[in-house]
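Okay, structure first, notes after.
In the numbering used here, the protein residues as written are 131 to 211.
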């Protein structure tokens with residue numbers, strides 16, 4: 131079972147074809163849900179990368195169970211989910 135952490139905030143969410151889906155804005159305290167801002171602007175990306183952003187009502191929820199790979203800069207999910 132994959133657990134997410136606050137250190138995943140600011141990472142890019144991509145699919146298995148390396149297509150960017152959005153940027154992780156927040157992670158729930160239990161590490162089960164990542165909140166992702168689809169198509170963030172440059173300012174949003176910088177703020178999230180510094181760890182100062184937070185989730186809002188426009189963010190999509192990504193379950194930790196759907197994350198296949200976590201690297202230093204991205205979370206990767208399969209295309210068919």
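Glycine is no exception: its CB is placed at the ideal position from the N, C-alpha and C atoms.
None of the values given here were measured: they were computed from a predicted structure.
query: Measuring only the C-alpha atoms, how far is residue 208 from residue 191?; result: 15 Å
query: Within the same chain, show all residues whose beta-carbon is closer than 8 Å to that of residue 161, passing over the 5 residues directly before and after it, in chain order.; result: 133, 134, 135, 194
query: Under the rule that 16 or more other beta-carbon atoms within 10 Å means buried, what is residue 189, buried or exposed?; result: buried
query: With 16 other CB atoms within 10 Å as the buried threshold, where does residue 172 fall?; result: Confidence at residue 172 is low in this model, with a pLDDT of 47, below 50, so its placement is unreliable and the value that follows should be read with caution. Exposed is the call here.
query: Between the alpha carbons of residue 144 and residue 166, how many angstroms are there, rounded?; result: 11 Å
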